[in-house]
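If you read the sequence shown in my numbering, its first letter stands for residue 4, the second for the next number, and so on. Note that the Cβ used here is the ideal one computed from N, Cα and C, for glycine as well. Working notes, beginning with the structure itself.
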Amino acid sequence: MLARKSGATDACRELSERISVAKRVEQQVHIRRFNIPKLNDEETKQKYQIEISNRFAALASFDEVEEKLDINSVWENIRDNIKIAAGQSIGYYETKKKKPRFDEDCSMVVERRKQAKLKCL
């Protein structure tokens, strides 16, 4: 029974390590997000509408020429055109620089704490 508990504990530990690694990897991936609030500006909204309509007009003429396309390639083409038009007209959110949590003051406090512990011993 003791062996089963340690095996279960090891499995739980391994699973929690995998989850934490997956979370770190997920956080490192930077997803570019479109600046949607910019669409509230009338000029930007019109620019985006014109860009989309031009791209879909070109896409429609392309589809008339080549009618033997599978649904996946058509969808990928539409998706890519929307992304390109949005990127050109409304742009992306700017990434914010984060302040480091562990700065010079923190390291000084940790050093003083270590020195105090050494004095007590």
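Take residue 96, set aside five residues on each side of it, and the residues of its chain with a beta-carbon closer than 6 angstroms to its own are 36 and 38, in chain order. About 57 angstroms separates the beta carbon of residue 115 from that of residue 88, a gap too long to meet the 8 angstroms contact definition. When C-alpha distances from residue 98 are compared across 15, 47 and 34, the shortest belongs to 34. With respect to the 9 angstroms criterion, residue 51 and residue 93 are classified as neighbours on the basis of their beta carbons.
Ranked by Cα distance from residue 90, the options 54, 100, 78 and 108 are led by 54.
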